[in-house]
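Letter by letter, the sequence shown follows residues 738 to 1080 in our numbering. Glycine included, each C-beta is placed from N, C-alpha and C at the ideal position. Here the structure is laid out as structure tokens; the discussion comes afterwards.
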Amino acid sequence: ITVFVSGATGFIALHVVDDLLKAGYKVIGSGRSQEKNDGLLKKFGNHPNLSMEIVKDIAAPGAFDEIFQKHGKQIKVVLHTASPFHFQTTDFEKDLLIPAVNGTKSILEAIKKYAADTVEKVVVTSSVAALATPEDMGNTSTVLTEKSWNRDTWESCLANAVAAYCGSKKFAEQAAWDFLKENQSNVKFTLSTVNPGYVFGPQMFADSLKNGVNTSSSIVAELVHSKVGSQFFNYSGSFIDVRDVSKAHLAAFEKPESAGERLVLSEDLFCSQDILDTLNEEFSQLKGKIAVGEPGSGPSFLEKSSCKLDNSKTKKLLGFKFYNFKNCIVDTASQMLEVQKET
Ligand code: NDP
């Protein structure tokens, strides 16, 4: 069975590619340049079941056409993970919303054009961001579930980069469900989405940490590298380990009961204070060197500043236990400290 993974060079996708290869699938990935693709192939030891194609920009019209024209007849499963996840822009439409939405539409259009009879399963990497606006996430009376939708409009999400990123995930996911509704008779695939909270956990390859860290991991990295007494922004939300996110991408197409479902991935709520507490407790080499904040105040902070989340439906469907907070943070930070030692 051949699986296509868009954005294969990403933090989450590298774990997905690894799990797919270990499970015996053939994998075709897309990355943005020859250099990135060659680097990835090398990291996987030029695995015979892995090949790469270039998609420079998912926002470009027909971005996936060539790939599906070439390989469509052998691809059975499509995992669409590529989407911009950063806040370094003031042109939110051009850099966040349009690539997210157009990328999703163009991969589905390419399937329809060239692989309508072969692709059976599509999994779109969405987000908890598609379930709620940043404001609603901070509302203590909100309870997010697999049915929740971010209420922002295209216009209202343009207020700032975080809202725009959340909007990009909402509108991209919505585009996928709408496409399927409109094309029931033109394609044969079933759709599932994977909607993770903040994703932490180790990089698949430690050296990814050497050229700037991905957005969610940077929350942990900034605390690992903080100075004693320094101020920090107390992020709050739900978290999940990247190894569980990867596993869920496989379950999203392997388990028949995943078809048509949104898999909301969250082990628990967390805040930056909780991360600091774990770092200070678990790493003797960091004690006295990094920020401390107010140890033990995480739960009361969350009580005042975070929505609740009920993903019991997803947990039941997946049926495996997620990495807990301590293991997830310890594994994330250990790798960062190892890499720091080497450089
Ligand atoms: P990364 O930034 O590591 O991965 C994103 C991938 O998408 C990269 O391979 C990136 O390529 C590619 N990409 C982005 N924009 C474009 C574009 N315009 N054209 C082509 N490729 C593009 O982040 P993650 O692994 O964390 O994110 C993967 C997916 O998971 C995204 O859809 C994200 O929204 C979602 N997600 C992530 C969460 C998290 O906390 N990490 C939480 C919830 C959802 P390149 O690096 O070369 O630019």
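Tell me, to the nearest whole angstrom, how far the beta carbon of residue i is from that of residue j; I am working on the premise that it is less than 8 Å.
| i | j | result |
| --- | --- | --- |
| residue 867 | residue 906 | 4 Å |
| residue 989 | residue 1000 | 6 Å |
| residue 927 | residue 997 | 6 Å |
| residue 768 | residue 746 | 4 Å |
| residue 865 | residue 932 | 6 Å |
| residue 975 | residue 1006 | 5 Å |
| residue 973 | residue 1043 | 5 Å |
| residue 812 | residue 916 | The pair is not a contact, with the Cβ atoms about 17 Å apart (cut-off 8 Å). |
| residue 1030 | residue 969 | 7 Å |
| residue 773 | residue 805 | In fact, because the Cβ distance is near 20 Å, the residues do not count as touching under 8 Å. |
| residue 861 | residue 913 | 5 Å |
| residue 750 | residue 987 | Rounded, the Cβ-Cβ distance is 12 Å, inconsistent with contact. |
| residue 940 | residue 748 | 7 Å |
| residue 1045 | residue 879 | 7 Å |
| residue 1009 | residue 971 | 5 Å |
| residue 848 | residue 815 | 6 Å |
With a CB to CB cut of under 6 Å and the five nearest residues on each side skipped, what residues in its chain are close to residue i?
| i | result |
| --- | --- |
| residue 829 | 895 and 901 |
| residue 950 | 958 |
| residue 863 | 906, 910, 930 and 932 |
| residue 762 | 738 and 740 |
| residue 780 | 942 |
| residue 1072 | 939 and 943 |
| residue 1066 | 1012 and 1015 |
| residue 882 | 1047 |
| residue 846 | none |
| residue 744 | 750, 818 and 819 |
Using C-beta distances below 7 Å, list every residue in its chain close to residue i, excluding the 5 sequence neighbours before and after it, in chain order.
| i | result |
| --- | --- |
| residue 984 | 756 and 1057 |
| residue 980 | 752, 938 and 1060 |
| residue 1070 | 957, 961, 1016 and 1020 |
| residue 799 | 843 |
| residue 994 | 1054 |
| residue 885 | 868 and 869 |
| residue 1068 | 938 and 939 |
| residue 871 | 899, 900 and 903 |
| residue 778 | 787 and 789 |
| residue 784 | 758 |
| residue 963 | 969, 1027 and 1028 |
Given residue i, which residues of its chain have a CB within under 8 Å of its CB, disregarding the five upstream and five downstream residues?
| i | result |
| --- | --- |
| residue 891 | 834, 904 and 908 |
| residue 1063 | 1015 and 1019 |
| residue 771 | 791 |
Would you say residue i faces chain B, with C-beta separation under 8 Å as the test?
| i | result |
| --- | --- |
| residue 788 | Chain labels in this structure do not include chain B; a single protein chain is all it has. |
Could you check whether the Cβ of residue i sits closer than 7 Å to any heavy atom belonging to the ligand GDP?
| i | result |
| --- | --- |
| residue 999 | Judged by which ligands are present, the ligand GDP is missing from the structure shown, whose ligands are the ligand NDP. |
* the segment 855 to 869 in contact with the segment 1022 to 1030 per 3-pair CB rule at 8 Å -> no
* Contained alpha helix (DSSP H) runs [length at least 4] in the segment 815 to 896, N- to C-terminal order -> 835 to 851 and 871 to 874
* To do: Could you tell me whether the segment 812 to 821 touches the segment 829 to 848, where touching means 3 or more Cβ pairs closer than 8 Å?
  => yes
* Do the segment 1026 to 1046 and the segment 912 to 924 make contact, defined as three or more Cβ pairs closer than 8 Å? -> no
* **Segments assigned alpha helix (DSSP H), at least 4 residues, entirely inside the segment 741 to 775** => 748 to 759
* In the segment 929 to 1001, which residue ranges form an unbroken beta strand (DSSP E) of at least 3 residues, counting only runs that do not cross its ends? -> 935 to 937 and 973 to 978
* List in chain order: all unbroken alpha helix (DSSP H) runs of 4+ residues lying wholly within the segment 1018 to 1043. => 1035 to 1042
* Asked: On the three-pair Cβ rule with 8 Å, is the segment 789 to 800 touching the segment 758 to 776?
  -> yes
* Counting only runs that start and end within the segment 1039 to 1071, where is the alpha helix (DSSP H) found for 4 or more residues in a row? -> 1049 to 1055
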